[in-house]
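So the structure is just underneath, and the comments pick up after that.
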Amino acid sequence: MTLPTGDAAPTAAEQTTDARILRRGLRNIGAMIRIAPKPFAVAALGAMVNTALTLFLSFVIGWVVAEIAVPAYENGEVALGSVVIGVAALLGTSIIRFSSMCARRIGAGVMMFGVQAHWRRRITRRYLALPVSWHQKHPTGTLLSNANADVEAATRPLAPLPFACGTLFMVAIAMVAFFSIDWAVALVALAMFPTLFALNALFATKMAPRAKRAQELRAEVSAVGHESFDGALVVKAMGREAAETERFSASATELRDAMIGVGRLRAAFEPAIAGLPEIGVILALLVGLARFQAGAIDLGQLVTVAFMFSVLALPVRAIGWVLGDLPGSVVGRERVDHVLAATGDMTYGDKELQDTGAAAELAFDHVAYAYPDGHEALTDVSFTVEPGSTVALVGATGSGKSTLAHLAARLIDPARGTVRLDGEDLRDLTHAALARNTALVQQIPFVFDDTVRANLSLDRAGLDDDRLWDALVAAGAEKFTASLDDGLDTEVGERGTTLSGGQRQRLTLARALAGRPRLLVLDDATSAVDPKVESQILSGLKHSSESASVLVVAYRRATIALADRVVFLEDGRITAQGTHTGLLRDHRPYAELVTAYERAEAEREFDSEFKDGELKDGEFHDAEYGDSAFSGGEFNKSEFNDEETAA
Ligand SMILES: Nc1ncnc2c1ncn2[C@@H]1O[C@H](COP(=O)(O)OP(=O)(O)O)[C@@H](O)[C@H]1O
Ligand SMILES: [Mg+2]
Numbered sequence: 003m004t005l006p007t008g009d010a011a012p013t014a015a016e017q018t019t020d021a022r023i024l025r026r027g028l029r030n031i032g033a034m035i036r037i038a039p040k041p042f043a044v045a046a047l048g049a050m051v052n053t054a055l056t057l058f059l060s061f062v063i064g065w066v067v068a069e070i071a072v073p074a075y076e077n078g079e080v081a082l083g084s085v086v087i088g089v090a091a092l093l094g095t096s097i098i099r100f101s102s103m104c105a106r107r108i109g110a111g112v113m114m115f116g117v118q119a120h121w122r123r124r125i126t127r128r129y130l131a132l133p134v135s136w137h138q139k140h141p142t143g144t145l146l147s148n149a150n151a152d153v154e155a156a157t158r159p160l161a162p163l164p165f166a167c168g169t170l171f172m173v174a175i176a177m178v179a180f181f182s183i184d185w186a187v188a189l190v191a192l193a194m195f196p197t198l199f200a201l202n203a204l205f206a207t208k209m210a211p212r213a214k215r216a217q218e219l220r221a222e223v224s225a226v227g228h229e230s231f232d233g234a235l236v237v238k239a240m241g242r243e244a245a246e247t248e249r250f251s252a253s254a255t256e257l258r259d260a261m262i263g264v265g266r267l268r269a270a271f272e273p274a275i276a277g278l279p280e281i282g283v284i285l286a287l288l289v290g291l292a293r294f295q296a297g298a299i300d301l302g303q304l305v306t307v308a309f310m311f312s313v314l315a316l317p318v319r320a321i322g323w324v325l326g327d328l329p330g331s332v333v334g335r336e337r338v339d340h341v342l343a344a345t346g347d348m349t350y351g352d353k354e355l356q357d358t359g360a361a362a363e364l365a366f367d368h369v370a371y372a373y374p375d376g377h378e379a380l381t382d383v384s385f386t387v388e389p390g391s392t393v394a395l396v397g398a399t400g401s402g403k404s405t406l407a408h409l410a411a412r413l414i415d416p417a418r419g420t421v422r423l424d425g426e427d428l429r430d431l432t433h434a435a436l437a438r439n440t441a442l443v444q445q446i447p448f449v450f451d452d453t454v455r456a457n458l459s460l461d462r463a464g465l466d467d468d469r470l471w472d473a474l475v476a477a478g479a480e481k482f483t484a485s486l487d488d489g490l491d492t493e494v495g496e497r498g499t500t501l502s503g504g505q506r507q508r509l510t511l512a513r514a515l516a517g518r519p520r521l522l523v524l525d526d527a528t529s530a531v532d533p534k535v536e537s538q539i540l541s542g543l544k545h546s547s548e549s550a551s552v553l554v555v556a557y558r559r560a561t562i563a564l565a566d567r568v569v570f571l572e573d574g575r576i577t578a579q580g581t582h583t584g585l586l587r588d589h590r591p592y593a594e595l596v597t598a599y600e601r602a603e604a605e606r607e608f609d610s611e612f613k614d615g616e617l618k619d620g621e622f623h624d625a626e627y628g629d630s631a632f633s634g635g636e637f638n639k640s641e642f643n644d645e646e647t648a649a
């Protein structure tokens, strides 16, 4: 239960240093603007109009003071015309400012959420395209975190971005205004802005490694949490609640500490960044006052300068917000890119198979497969499943049966050799042709939190209820489906929790059969189904008119005996092929394994029947199991797997 830490962004540490952060952050912002140029334009325009009017307001207020307030104060009389103009100017400016603020905020929101949606879609598409082997190496919680927390971090600077753009525009205008009013006040401003930027840049640099760590820890907490919830049944059954809480709390505590570190740094810098403009206002007032006394500027200009400095104080912080979020956004973007750049996709060919409706031929031709850790799971495997025949794949645990089943359904590609369906290399077939012609049913059935009907049809075209019922009959699942409260419309709960293990297996088998595949691969897919029903299902499949070729991983003697041929795997190699009776007679390891399976199965049955108080002498010794009695009706052995039997 260890997690690959930092797996989603292995190189970020070396790269997110110093000035690079700023450059990469700005490049990231540029890329995001290109994703949503229109909302950005609306928001930036709104921000600029807003800031321009804010500055204009400084002049209006300066004018009002000089033209209305001062004369009123000095002469005690007010010119009505000036008041009307003053009020109209203030009101008009305020209304336009209000609307432009709306444009800025709405535009920024549309942009940010639009970019988030864009990346989430791209990430999801990558997840879907990446091969099984990639998914096995990446915990689900981390994948969720990539699509969630990382995307959010990457786009966080977008919220204050238009405001910051407006501010830059405002600073530019203000500088021109300051210089046109007086060089001395302009110098105060000239000193303030570079200091602010420098302070922000320093903050960004210090923040980067902390933001990266926090982002990694978010993924880890998500992965730990996801695993615990996913394994809720095991956690409860094994009394692991305290241990799991401990495991989660260790990650969560680390995340908390990292976030507090982030907060500390923010707390150290924010007051300085926020206070600097205020200091600027005081300095500007002092300098302005001196210049007023020296007669270089008049009272209106002094008021304008003071007001301009004070209205700049808040917007300038918006630049700080953007810069402050840059480190986190760079890290988030790197983690997103790591997913987007992941390779190893399955590429599909463009060949279709002729839809004859007849069973297909599967052929393995000198196939070898090695897992990424270098372990060769299959070596030089050659065999054929003739059209319409049933081949049983028998072998001890770890002999490579599931690997072979995955190759047959092209979840993975062979390292050497070829797997062919009707003579065509699986790699040359289109994705649709593969999906239509082959079906793999695995031992652990996956059932979606939806209705039985949705679980069976999976939105595939042409699967009407008649066809679903046919499939249910063939999978031996029609009786229990019919007895469910709402039949096909019954909701089965998350992962099918309202069904027994055997019911779930039969449902997933029916799902595969509903598509009428021409090749059916069953990887221990009926292990939790009672042996009698299993035999019925398999002989039904064999004799049905919708015949498919069947490759079945089996361990029960009755099941194996139904197959036309047996392929026996030992340590990734086929050591014997032939009929069940032939192998039993001629191949000792085979006979030993099958007998061991049989004994384990019989013991299990003995236990099960004995507990139910319906032990009937001799029945569990019956090699064929065909007529053994099952008291509980549903013989649920979902926890049963070949690991236990082969030992
Ligand atoms: N994802 C994997 N990564 C590395 N090795 C694996 C992986 N899956 C299976 N193996 C190894 O490959 C061998 C064959 O496994 P598998 O095909 O699952 O056997 P079986 O289904 O017959 O029990 C085993 O030694 C197993 O440990
Ligand atoms: Mg297996």
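Here the sequence shown is numbered in this note's numbering, starting from 3 and rising by one per residue.
All residues carry an ideal CB built from backbone N, CA and C; glycine is no exception.
These figures come from a predicted structure and were not determined experimentally.
query: Candidates A166, L364, L460 and T499, of which the one nearest D424 by Cα; result: L364
query: Rounded straight-line distance, which links the Cα of P41 to that of E480; result: 54 Å
query: Cβ-heavy atom distance, V526 to ligand 2, below 8 Å; result: First, the amino acid is wrong: residue 526 is Asp here, not Val. Result yes, Cβ under 8 Å from ligand 2.
query: V555 beta carbon near ligand 1 (any heavy atom closer than 8 Å); result: yes
query: 9 Å Cβ cutoff met for L395 and K403; result: yes
query: Buried versus exposed, by CB contacts within 10 Å (16 or more), G78; result: exposed
query: Residue range of the beta strand (DSSP E) that includes F385; result: E378 to V387
query: For A441: DSSP bridge partner residues; result: L522
query: Ligand 1 heavy atom lying under 8 Å from the CB of H377; result: yes
query: According to DSSP, residues forming a beta bridge with A372; result: E378
query: Simplified DSSP assignment, three categories, for T499; result: coil
query: Between the CA atoms of T207 and F180 - distance to the nearest angstrom; result: 32 Å
query: Local conformation of R567 per DSSP, three classes; result: strand
query: Neighbour flag for S502 against chain B, beta carbons, 9 Å; result: No chain B is part of this structure, which consists of one protein chain only.
query: T399 beta carbon near ligand 1 (any heavy atom closer than 8 Å); result: yes
query: Contacts around I63, its chain only, beta-carbon distance under 6 Å, and the 5 residues preceding and following it disregarded; result: F309
query: Ligand 2 heavy atom lying under 8 Å from the CB of S404; result: yes
query: Alpha carbon of V51 to alpha carbon of F205, nearest angstrom; result: 30 Å
query: Cβ pair F570, L553 closer than 9 Å; result: no
query: Own chain residues within Cβ distance below 7 Å of S541, not counting five before or after; result: L564
query: Spatial distance of T47 from C167 (CA atoms); result: The sequence as given places Leu at residue 47; Thr does not occur at that position. Their backbone Cα atoms lie some 9 Å apart in a straight line.
query: Spatial distance of L59 from A188 (CA atoms); result: 19 Å
query: Proximity test, Q445 beta-carbon vs ligand 2 heavy atom, cut-off 8 Å; result: yes
query: Alpha carbon of A71 to alpha carbon of I175, nearest angstrom; result: 26 Å
query: Heavy atom of ligand 1 within 8 Å of L442 beta-carbon; result: no
query: Cβ distance (whole Å) where D532 is taken to contact G504 below 8 Å; result: 7 Å
query: Local Cβ density within 10 Å of I262, reported as buried at 16 or more and exposed below that; result: exposed
query: DSSP three-state assignment for A625, whether helix, strand or coil; result: In this prediction, A625 has a pLDDT of 34, which is less than 50 and means its spatial position is unreliable; nothing more can be read from the coordinates.
query: Same chain, Cβ closer than 7 Å to H433, neighbours up to 5 away in sequence not counted; result: Y350
query: Backbone CA spacing between V80 and Q303 [nearest angstrom]; result: 21 Å
query: Whether L490 touches T453 by CB criterion (9 Å); result: yes
query: Collapsed DSSP secondary structure at D650 in the structure displayed; result: This structure cannot speak to residue 650, because the chain is shown only from 3 to 649.
query: Complete alpha helix (DSSP H) runs within the segment 157-190 (minimum length 4 residues, chain order); result: 163-183
query: Through-space distance from W136 to K544, alpha-carbon basis; result: 36 Å
query: Among L57, L163 and F61, the one whose alpha carbon lies nearest that of I31; result: L163
query: E218 to A119 span [Cα, whole Å]; result: 22 Å
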